[in-house]
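Chains as they are written, first to last, in the numbering used here: chain A, 3 to 200; chain B, 3 to 200.
Ideal Cβ placement from N, Cα and C applies to all residues, glycine included.
Here the structure is a predicted model, which means the values were calculated and not measured.
2 protein chains.
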Amino acid sequence: MAEVMVTELRKYISGFVALTDQEMELVLTAFEYRQVPRRTQLLRAGEVCSFEAFILSGCAREYYVDDKGSEHTVEFALERWWISDIYSFENQVPSRVSIETLEDTELLVLSPETKASLLEEVPKMERMFRLMMQRHLNVVKNRLLRNMSDTAMDRYLLFLERYPDVIRRVPQYYIASYLGISQEFLSKLRRRAVKAGE
Amino acid sequence: MAEVMVTELRKYISGFVALTDQEMELVLTAFEYRQVPRRTQLLRAGEVCSFEAFILSGCAREYYVDDKGSEHTVEFALERWWISDIYSFENQVPSRVSIETLEDTELLVLSPETKASLLEEVPKMERMFRLMMQRHLNVVKNRLLRNMSDTAMDRYLLFLERYPDVIRRVPQYYIASYLGISQEFLSKLRRRAVKAGE
DNA sequence: CGGTCTCTTGACGGAGTTCAAAGCTAGTGG
DNA sequence: CCACTAGCTTTGAACTCCGTCAAGAGACCG
């Protein structure tokens, strides 16, 4: 693993808490580097999530399969995002979601045990994870609000603006399943959006 | 304020972290007791949220008013729940949601300053708030999933089962705005649910 | 080039909205 | 104790958004 990549995690953490060099060293070495090919199932619904991972390169998605068998994408994660079912991970209970890579992906991974001992050794990391959770909660809450108030077209246009990288790298039917609409309807929205832009 | 009430908060915190008696004392005294009548606006959209509050008695709701003027209830909070726009509170940025009491309500309140110094004095509380955020994130995520996969009827029946107290205490149009449907449609769903039950 | 994966298009149907009106219910004042 | 009002809920008709199904058109890969 190139040192330059770990630097991304260092930067990320520094954005939340100030650590001494020693502490930072302890933190960074706690993570395990992993490389996985695209289409790898990192977590299957029903299993207990065994990782909390920082993405160095590549792309993953978290999704939920409902009773009728339809898939709903909970979130996409690109470089410098985290991917995990944190609730399953921390409480060691079965997850209701699945996680898979969409591209070849490089990760820095924490197991429940290493996270627990890391928090013992560097208590400041409690703060970092707390702030991270707060930020994440905010993202999910805003999404919930938008799903309730905006039309599918609004949501699509916002997504386009906010996550152009995801649009470029991810198949459209996954985008649809994130926006909460069928892939056919997304296709029709795109047509309308283009027309409106002319 | 009756000592028995503070006990509720003590129990809540003990559910997350083990504190010494001294630490617990520090924590509990950091909170300020407040009593507010029903229909009190605790936070208005656009303002910075100045409180993180534990509800001792009463009921509040957090809601979002969209561009068209429609209200969407983000969550209800009864006894032993927290109410705040945590992101606005922690980052001291304007909130996009509003918070109001629906009943006469008694609260234990933290200001940003007291929370900050509390975290300095009792670092274990970082952990408590982290775990609390994780739990909350889980709740919101599950709700997002259900909104995407379930019909309005499913969501109503689940709400009925899970939050019977809220049903009893809160007007129906607020329930509708929580479920993401119009109050008229909720009324029709109720009719259908009763019929199906006969 | 043949197959698989992805995206588009159209017809139809159903879930949920909006608008308008009326029916309840619980306080409140006389 | 009744009458009134304000707040809440129900109903119905017309309409819209979006889903499902089915077919076809590209596009990418071995």
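Asked, Found
"Buried versus exposed, by CB contacts within 10 Å (16 or more), A:V95", "exposed"
"A:F78 beta carbon less than 8 Å from that of A:C61", "yes"
"DSSP beta-bridge partners of B:Q43", "B:E102"
"Run of the alpha helix (DSSP H) containing A:A118, from where it starts to where it stops", "P114 to E123"
"Near-chain A residues of the segment 91-114 of chain B (beta-carbon distance less than 7 Å), N- to C-terminal order", "E92"
"Where the segment 133-156 of chain A meets chain B: residues whose CB sits under 7 Å from a CB there", "M135, Q136, H138, L139, N140, V142, K143, R145, L146, L147, N149, M150 and S151"
"Exposure label - B:K13; buried when at least 16 CB within 10 Å", "exposed"
"A:L80 - DSSP class collapsed to helix/strand/coil", "coil"
"A:A195 beta carbon less than 8 Å from that of A:Q185", "no"
"C-beta neighbour in chain A for B:D68, strict 8 Å", "yes"
"A:A62, DSSP secondary structure in three states", "strand"
"CB contact below 8 Å: B:G71 versus chain A", "no"
"Neighbour-count burial assignment, A:A20, 16 or more Cβ in a 10 Å radius", "exposed"
"Collapsed DSSP secondary structure at A:I85 in the structure displayed", "strand"
"Neighbour-count burial assignment, A:D87, 16 or more Cβ in a 10 Å radius", "buried"
"Within-8 Å CB hit, B:V29 to chain A", "no"
"Proximal residues to B:S100 (C-beta, below 8 Å), its chain only, five neighbours per side dropped", "Q43, L45, R46, A47, E64, Y65, Y66 and V67"
"B:V142 beta carbon less than 8 Å from that of A:V76", "no"
"Three-pair Cβ contact test at 8 Å for the segment 149-164 of chain B versus the segment 114-128 of chain B", "no"
"Own chain residues within Cβ distance below 7 Å of B:E54, not counting five before or after", "W84, S86, I88, F91, L112 and K117"
"Neighbouring residues, chain A, relative to B:Y89 (Cβ below 7 Å)", "Q136 and N140"
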